[in-house]
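Chemist:
2 protein chains.
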Amino acid sequence: MKILNIYVRKKKDVGAIERELEANLQTDHALLTETSMHLLKAGGKRIRPVLVLLGGEFGTYDIERLKMIAVPLELFHSASLVHDDVIDDADTRRGQDTVKSKWDNRIAMYTGDFIFAKGLEIAARLEDPRVHMILSKALVEMSIGEMEQIRFFYHTEQTLRDYLLRIKRKTALLIAISCQLGAMVAGADEYVSNRLYSFGYNVGLAFQIRDDILDLCGTEKEIGKPPGSDIKQGNITLPVIFALQDEKLRGPILSEIERIQKVDGQTDVSRVLDMIRGSGGIEKSSALADRYIAKAIAALDTLPNIRAKQDLIQVAHFIGNRTH
Amino acid sequence: MKILNIYVRKKKDVGAIERELEANLQTDHALLTETSMHLLKAGGKRIRPVLVLLGGEFGTYDIERLKMIAVPLELFHSASLVHDDVIDDADTRRGQDTVKSKWDNRIAMYTGDFIFAKGLEIAARLEDPRVHMILSKALVEMSIGEMEQIRFFYHTEQTLRDYLLRIKRKTALLIAISCQLGAMVAGADEYVSNRLYSFGYNVGLAFQIRDDILDLCGTEKEIGKPPGSDIKQGNITLPVIFALQDEKLRGPILSEIERIQKVDGQTDVSRVLDMIRGSGGIEKSSALADRYIAKAIAALDTLPNIRAKQDLIQVAHFIGNRTH
Numbered sequence: 002m003k004i005l006n007i008y009v010r011k012k013k014d015v016g017a018i019e020r021e022l023e024a025n026l027q028t029d030h031a032l033l034t035e036t037s038m039h040l041l042k043a044g045g046k047r048i049r050p051v052l053v054l055l056g057g058e059f060g061t062y063d064i065e066r067l068k069m070i071a072v073p074l075e076l077f078h079s080a081s082l083v084h085d086d087v088i089d090d091a092d093t094r095r096g097q098d099t100v101k102s103k104w105d106n107r108i109a110m111y112t113g114d115f116i117f118a119k120g121l122e123i124a125a126r127l128e129d130p131r132v133h134m135i136l137s138k139a140l141v142e143m144s145i146g147e148m149e150q151i152r153f154f155y156h157t158e159q160t161l162r163d164y165l166l167r168i169k170r171k172t173a174l175l176i177a178i179s180c181q182l183g184a185m186v187a188g189a190d191e192y193v194s195n196r197l198y199s200f201g202y203n204v205g206l207a208f209q210i211r212d213d214i215l216d217l218c219g220t221e222k223e224i225g226k227p228p229g230s231d232i233k234q235g236n237i238t239l240p241v242i243f244a245l246q247d248e249k250l251r252g253p254i255l256s257e258i259e260r261i262q263k264v265d266g267q268t269d270v271s272r273v274l275d276m277i278r279g280s281g282g283i284e285k286s287s288a289l290a291d292r293y294i295a296k297a298i299a300a301l302d303t304l305p306n307i308r309a310k311q312d313l314i315q316v317a318h319f320i321g322n323r324t325h
Numbered sequence: 002m003k004i005l006n007i008y009v010r011k012k013k014d015v016g017a018i019e020r021e022l023e024a025n026l027q028t029d030h031a032l033l034t035e036t037s038m039h040l041l042k043a044g045g046k047r048i049r050p051v052l053v054l055l056g057g058e059f060g061t062y063d064i065e066r067l068k069m070i071a072v073p074l075e076l077f078h079s080a081s082l083v084h085d086d087v088i089d090d091a092d093t094r095r096g097q098d099t100v101k102s103k104w105d106n107r108i109a110m111y112t113g114d115f116i117f118a119k120g121l122e123i124a125a126r127l128e129d130p131r132v133h134m135i136l137s138k139a140l141v142e143m144s145i146g147e148m149e150q151i152r153f154f155y156h157t158e159q160t161l162r163d164y165l166l167r168i169k170r171k172t173a174l175l176i177a178i179s180c181q182l183g184a185m186v187a188g189a190d191e192y193v194s195n196r197l198y199s200f201g202y203n204v205g206l207a208f209q210i211r212d213d214i215l216d217l218c219g220t221e222k223e224i225g226k227p228p229g230s231d232i233k234q235g236n237i238t239l240p241v242i243f244a245l246q247d248e249k250l251r252g253p254i255l256s257e258i259e260r261i262q263k264v265d266g267q268t269d270v271s272r273v274l275d276m277i278r279g280s281g282g283i284e285k286s287s288a289l290a291d292r293y294i295a296k297a298i299a300a301l302d303t304l305p306n307i308r309a310k311q312d313l314i315q316v317a318h319f320i321g322n323r324t325h
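Below is the structure:
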């Protein structure tokens, strides 16, 4: 990962969050500690904690309080990935074995439950009812989104709207509330935390669209898993939806997807990847991601011109252009 | 189920909770509504909500506020059963198909996640930080207990202490906080809510011991699932631990359990059930359950002699003697 300035500037506080993440997953149950640390130790960009810290700079910055929301948000993200891997039947994530492939589905389910509950426990220390209201609503939406994802597997008739609603629930909401809660916990005005929510929401949509593009166009080294994983498991993403709008390609892509579904994804998908890459669907998706990045940055317009604002803009551009 | 007076006396409020449970599981996602209502519609005694109501009578009773904790506690219980069924590979629960057998494991996992998040969302409406502190700590313990259960499958060397710690996490804690939170939300003294916690904790231990006895001694009609389900899946319960202390039976029981494990529980278990039933392990377990019931009732000694106290004693006796 390209090191953004923000990681340099916030090195100490990001480090404190990292230690807090580790400390909170220690239990007297060796297997549970091992499984729950497994994904965490594989790294990840800690984007949600970083957004909490930046949000916090719009109010009275207190790392001790910000930690109590940054850590839960990273844990919720982590828990949802562990559960996702059960659903996705994924064997690798962040370049290493998933919990469900290294142990089994049942262990992955309970590991996710534990990480999730731990996040709640830490957030409860803030003693702020607004935080629970926002967190719990987001968690409900996320779980509906997870179910939606299953419903839409191999569903080639879905619309752009179906896709956007799904990635809103799956990705954008948690990123949005990371920005919002950072500011709220730091006592910033509601206007500010709402603007930051809007920033995070749009960045989150762009982030997921980029992620879906990378799954189709990245190399295994770049993305830490084999390309085409989405289509193998029936996850119809934005570039595919756009590619299916091409009259000439529609038929051949549909029959490839049907063939993939018949063998439960246990097949080479390079033909359909080539068709999608050649369809213009990537460019269209990329253009939509750019529009969300622009909307995200515009949401910051009226906020005070502090260092954190420049950093958020940098994060947005980084996400808009990310290649891994 | 024998109708306890409490269900008659509290019919209106139990009905209100029932409607609230149903209303909160409605979503615009038909499958999710169906899966999450599935277990709920099969009934259940709603013991946790009833305990909340009784706890509430020790303070300023307000059904609108009590609902906001009774409903989440029943939902957490329900979510944990849905996840348990994935682990237990259970096909029936409360006399009907489980979510995981009617749909699949992935759907059961996300249904549990959704029900769980919904519970949090409702509890957040109380805007009481103490509630979140207590709930989240219990949820962490419950998830550790779930993992412990897997670790101890077919583990015939476990001690009474291992078993008690496991059922504390699996069952007793949630029942304990049901009593405690009912009183707390109604503004009762901390002394009162702590006494009620202790009552619920001991009742919860007795409840799980009775449940484990029933799994060995009940009929399929009585318990809504085939007897011996626990031992089939490797869940070594208290009567088995006691039976294994019998020098003459130890060898034969161990070899039966080994045989069952080898075929992953896909076998007739009537031989081992007969051995356990004949071992005195049932009577010893029953005696321990009785001791916890006595401790539960003793915990109420110093509380004001209101109607709810008599009802709690009745609930304790009911649980101590339950045969289904």
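Same order as they appear, the protein sequences are chains A and B. For my numbering, add 1 to where a residue sits in the first sequence, where the first one is 1. For my numbering, add 1 to where a residue sits in the second sequence, where the first one is 1. All residues carry an ideal CB built from backbone N, CA and C; glycine is no exception.
Which residues, in order along the segment 98 to 119 of chain A, keep a beta-carbon less than 7 Å from a beta-carbon of chain B?
Modeler: Within the segment 98 to 119 of chain A, the residues whose Cβ lies closer than 7 Å to some Cβ of chain B are Asn106, Arg107, Ile108, Met110, Tyr111, Asp114, Phe115, Ala118, Lys119, listed in chain order.
Chemist: Run down chain A in chain order and give the residues with a C-beta less than 8 Å from the C-beta of alanine 24 of chain B.
Modeler: Those within 8 Å of alanine 24 of chain B in chain A number zero; the least Cβ separation is about 14 Å.
Chemist: Give the residues of chain B in contact with glutamate 147 of chain A, contact being defined as C-beta atoms less than 7 Å apart.
Modeler: Neighbours of glutamate 147 of chain A on chain B, chain order: Tyr111, Asp114.
Chemist: Tell me the start and end of each unbroken alpha helix (DSSP H) in the segment 141 to 176 of chain B that is at least 4 residues and wholly inside, in chain order.
Modeler: DSSP runs (the alpha helix (DSSP H)) wholly in the segment 141 to 176 of chain B: 161 to 168.
Chemist: Taking a contact to mean a Cβ-Cβ separation below 8 Å, would you say aspartate 114 of chain B touches glutamate 149 of chain A in this structure?
Modeler: Contact flag unset, no.
Chemist: If the cut is a Cβ gap below 8 Å, which residues of chain A does threonine 172 of chain B touch?
Modeler: In chain order: nothing, as chain A lies at least about 16 Å away.
Chemist: Under 8 Å, CB to CB, which of the residues in the segment 282 to 297 of chain A have a partner in chain B?
Modeler: Hits within the stretch: zero.
Chemist: For histidine 156 of chain A and chain B, any beta-carbon pair shorter than 8 Å?
Modeler: No, no contact with chain B.
Chemist: Check whether the Cβ of alanine 125 of chain A lies closer than 8 Å to any Cβ atom in chain B.
Modeler: So yes, alanine 125 of chain A belongs to the interface.
Chemist: With glutamine 262 of chain A as the anchor, note down where its alpha helix (DSSP H) starts and where it stops.
Modeler: Unbroken alpha helix (DSSP H) run through glutamine 262 of chain A: 248 to 263.
Chemist: DSSP three-state call for aspartate 190 of chain A: helix, strand or coil?
Modeler: Three-state result, aspartate 190 of chain A: coil.
Chemist: Report yes or no: is there a C-beta of chain A within less than 8 Å of the C-beta of lysine 12 of chain B?
Modeler: No, lysine 12 of chain B does not count as interfacial toward chain A.
Chemist: Between the C-alpha atoms of glutamate 221 of chain A and leucine 215 of chain A, what's the straight-line distance to the nearest angstrom?
Modeler: Taking the straight line joining both Cα atoms gives about 10 Å.
Chemist: Nearest-angstrom Cα distance between arginine 20 of chain B and threonine 34 of chain B?
Modeler: Each residue's Cα considered, the two are about 14 Å apart.
Chemist: Quick one: is valine 83 of chain A near chain B, going by C-beta distance under 8 Å?
Modeler: False, the Cβ-Cβ gap to chain B never drops below 8 Å.
Chemist: Answer with yes or no whether the minimum CB distance from methionine 134 of chain B to chain A is below 8 Å.
Modeler: With 8 Å as the cut-off, methionine 134 of chain B counts as an interface residue toward chain A.
Chemist: Spell out whether any CB of chain A is found under 8 Å from the CB atom of serine 137 of chain B.
Modeler: Cβ-Cβ to chain A under 8 Å: yes for serine 137 of chain B.
Chemist: Considering only the beta carbon of each residue, do histidine 133 of chain A and histidine 78 of chain B sit closer than 8 Å?
Modeler: Going by C-beta atoms, histidine 133 of chain A is not nearer than 8 Å to histidine 78 of chain B.
Chemist: Which residue marks the beginning of the alpha helix (DSSP H) containing serine 26 of chain A, and which one marks its end?
Modeler: Reading off the sequence, residue 26 of chain A comes out as leucine, not serine. Run containing leucine 26 of chain A: none; DSSP gives neither H nor E here.
Chemist: Chain B beta carbons: is any one of them nearer than 8 Å to that of serine 144 of chain A?
Modeler: Chain B contact via Cβ: present.
Chemist: Once DSSP output is grouped into helix, strand and coil, what is the label at glutamine 97 of chain A?
Modeler: Here glutamine 97 of chain A sits in strand by DSSP.
Chemist: Counting contacts by CB-CB distance shorter than 8 Å, is arginine 167 of chain B in contact with chain A?
Modeler: Not closer than 8 Å to any Cβ of chain A, the Cβ of arginine 167 of chain B fails to qualify, so no.
Chemist: Report yes or no: is there a C-beta of chain A within less than 8 Å of the C-beta of arginine 66 of chain B?
Modeler: Closer than 8 Å: no.
Chemist: Looking at the unbroken alpha helix (DSSP H) that takes in glutamate 223 of chain A, where does it start and where does it end?
Modeler: Counting along the chain, the alpha helix (DSSP H) containing glutamate 223 of chain A begins and ends at 221 to 224.
Chemist: Helix, strand or coil for lysine 42 of chain A per DSSP?
Modeler: Helix at lysine 42 of chain A.
Chemist: What does isoleucine 237 of chain B touch in chain A if you count any residue whose Cβ is under 9 Å from its own?
Modeler: Chain A residues near isoleucine 237 of chain B: none, gap ~17 Å exceeds 9 Å.
Chemist: Counting only the same chain and skipping the five closest in sequence on each side, list residues whose C-beta sits under 7 Å from that of isoleucine 242 of chain A.
Modeler: Result list for isoleucine 242 of chain A: Gln159, Leu161, Tyr164, in chain order.
Chemist: Give the DSSP-derived three-state secondary structure of methionine 2 of chain A in the structure shown.
Modeler: With a pLDDT of 43 at methionine 2 of chain A, under the threshold of 50, the predicted position of this residue should be treated as unreliable, though the coordinate-derived value follows. Looking at methionine 2 of chain A - three-state DSSP - the assignment turns out to be coil, as it is neither helix nor strand.
Chemist: Is it the case that the Cβ atoms of threonine 303 of chain A and alanine 187 of chain A are separated by a distance below 8 Å?
Modeler: No; because the gap between Cβ atoms is not below 8 Å, this pair is not in contact.
Chemist: Would DSSP call alanine 285 of chain B helix, strand or coil?
Modeler: In the sequence under discussion, the amino acid at residue 285 of chain B is lysine, which differs from the alanine named in the question. If DSSP states are grouped into helix, strand and coil, lysine 285 of chain B belongs with the helices.
Chemist: Am I right that leucine 26 of chain B and serine 179 of chain B are in contact with their C-beta atoms under 8 Å? What's the rounded C-beta distance?
Modeler: With a Cβ gap of about 20 Å, leucine 26 of chain B and serine 179 of chain B do not count as contacting.
Chemist: Going along the chain, which residues of its own chain have a beta-carbon closer than 8 Å to the beta-carbon of alanine 124 of chain A, five neighbours each way excluded?
Modeler: Excluding sequence neighbours, alanine 124 of chain A sits near Met69, Ile70, Pro73, Val132, His133, Leu136.
Chemist: Considering Cα atoms alone, identify which of B:Cys218, B:His30, B:Phe208 is closest to arginine 170 of chain B.
Modeler: With distances taken between Cα atoms, arginine 170 of chain B lies closest to B:Phe208.
Chemist: Pick helix, strand or coil for lysine 138 of chain A, following the three-state DSSP scheme.
Modeler: In the structure shown, lysine 138 of chain A sits in a helix (DSSP, three-state: H, G or I).
Chemist: How big is the Cα-Cα spacing for asparagine 322 of chain B and tyrosine 8 of chain B?
Modeler: Answer to the nearest angstrom: the Cα atoms are 17 Å apart.
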